[in-house]
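Just add 249 to the spot in the sequence shown (first one is 1) and you have this note's numbering.
Beta carbons are placed, not taken as given, at the ideal position from N, Cα and C, and that holds for glycine.
Quantities reported herein were computed from a predicted structural model and do not represent experimental measurements.
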Amino acid sequence: MRPSTADPAAEAPARTRRRGEELKQAIFAAVMEELRTTGYANLTMESVAAAAGTGKSALYRRWPDKEAMLRDALRGTLPDPDEVPRTGDTRTDLVALLGFLQSVFNDTSGTLFQAVASEAGTDTGFMRTLVNDHVVAPCKVRIREVLSASPTQADTPAGDLDLLAEVGPAMLTHRCLTGEAAIPDAYVADVVDVVLTRLAGG
Numbered sequence: 250m251r252p253s254t255a256d257p258a259a260e261a262p263a264r265t266r267r268r269g270e271e272l273k274q275a276i277f278a279a280v281m282e283e284l285r286t287t288g289y290a291n292l293t294m295e296s297v298a299a300a301a302g303t304g305k306s307a308l309y310r311r312w313p314d315k316e317a318m319l320r321d322a323l324r325g326t327l328p329d330p331d332e333v334p335r336t337g338d339t340r341t342d343l344v345a346l347l348g349f350l351q352s353v354f355n356d357t358s359g360t361l362f363q364a365v366a367s368e369a370g371t372d373t374g375f376m377r378t379l380v381n382d383h384v385v386a387p388c389k390v391r392i393r394e395v396l397s398a399s400p401t402q403a404d405t406p407a408g409d410l411d412l413l414a415e416v417g418p419a420m421l422t423h424r425c426l427t428g429e430a431a432i433p434d435a436y437v438a439d440v441v442d443v444v445l446t447r448l449a450g451g
């Protein structure tokens with residue numbers, strides 16, 4: 250019998266060795282995909298490594314556990330509300346800031362917020378805290394700054410401004426968590442014009 254001349258190793262496609270920023274971005278993309286498909290509770294370092302096409306050691310060289318990896322993945326993939334341009338016009342700036350949240354919700358197809366919803370009832374609340382710290386809370390701060398700078402709100406008590414700043418993010422978050430389709434621009438405009446403007450007495 251003639252020995253096979255085929256070399257399985259030679260026939261297998263060569264695996265591209267990625268390093269540095271390229272590998273990190275592949276890992277971050279895998280984190281988001283695993284959140285979408287399996288949820289936070291079932292996400293593991295092993296599943297992310299497999300989805301990214303790399304070994305677990307590549308992850309553990311960078312992060313001690315999945316929580317640290319998730320923090321960096323969010324920092325590396327989510328936009329920064331501080332980068333939203335401010336014009337000084339109250340309506341324009343409110344629409345822009347809620348548009349920031351809209352883009353996060355739409356671009357991740359609700360991944361982050363579905364992960365938060367699936368964590369309801371657990372002891373840690375890690376994802377709820379993470380999403381709030383990196384997305385929702387910074388947006389509320391910027392919205393409050395816009396409202397407090399508005400001439401129509403000069404006499405509004407600080408506590409009332411705090412509550413007003415929560416309304417828009419709460420409405421968009423609720424829409425996302427309840428499984429609605431992508432948030433349209435018209436909905437963002439209505440939240441500002443129909444809800445915030447009337448509540449603020451503008």
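Cβ neighbour criterion (16 or more within 10 Å) applied to residue i
i      : result
GLY408 : exposed
LEU412 : exposed
VAL443 : exposed
PRO387 : buried
ARG424 : buried
LEU404 : Residue identity differs from the one stated: residue 404 is Asp in this sequence, not Leu. Label assigned to ASP404: exposed.
Check whether residue i and residue j have beta carbons under 8 Å apart
i      : j      : result
MET281 : LYS315 : no
ARG337 : THR401 : Checking the sequence, you will find Gly at residue 337 rather than Arg. Contact flag unset, no.
ARG447 : ALA414 : no
ALA275 : GLY302 : yes
LEU445 : LEU379 : no
THR339 : SER397 : no
ALA307 : ALA317 : no
Three-way DSSP call (helix, strand, coil) for residue i in this model
i      : result
ARG310 : coil
LEU448 : helix
ARG391 : helix
ALA300 : helix
GLY374 : coil
PRO334 : coil
ARG204 : Nothing about residue 204 can be read from this structure; the chain reaches only from 250 to 451.
ILE432 : coil
SER397 : helix
GLY288 : coil
PRO207 : Any property of residue 207 remains undetermined from this structure, which presents the chain solely from 250 to 451.
THR427 : coil
PRO262 : Confidence at PRO262 is low in this model, with a pLDDT of 37, below 50, so its placement is unreliable and the value that follows should be read with caution. Coil at PRO262, not helix or strand.
Which listed residue (the options) has its alpha carbon closest to that of residue i
i      : options                           : result
VAL390 : PRO418, ALA403 and ARG377         : PRO418
THR326 : LEU347, ALA300 and HIS383         : HIS383
GLU283 : ALA300, LEU272, LEU426 and GLY269 : ALA300
ASN355 : LEU421, THR287, VAL297 and PHE375 : LEU421
LEU305 : GLU332, LYS273, LEU350 and CYS425 : Sequence check: residue 305 is Lys here, not Leu. The option with the nearest alpha carbon to LYS305 is LYS273.
ASP434 : LEU350, VAL385 and ALA403         : LEU350
ALA290 : ALA298, MET376 and PRO406         : MET376
CB-CB length for residue i against residue j, believed under 8 Å
i      : j      : result
VAL344 : VAL416 : Their Cβ separation, rounded to whole angstroms, is 14 Å, which puts VAL344 and VAL416 out of contact at 8 Å.
VAL440 : LEU347 : 6 Å
SER352 : PRO328 : 7 Å
VAL395 : ASP342 : 5 Å
Distance cut-off 7 Å: residue i Cβ against heavy atoms of the ligand NAP
i      : result
MET281 : Summarising the ligand content, the structure contains no ligands, and the ligand NAP is consequently not present.
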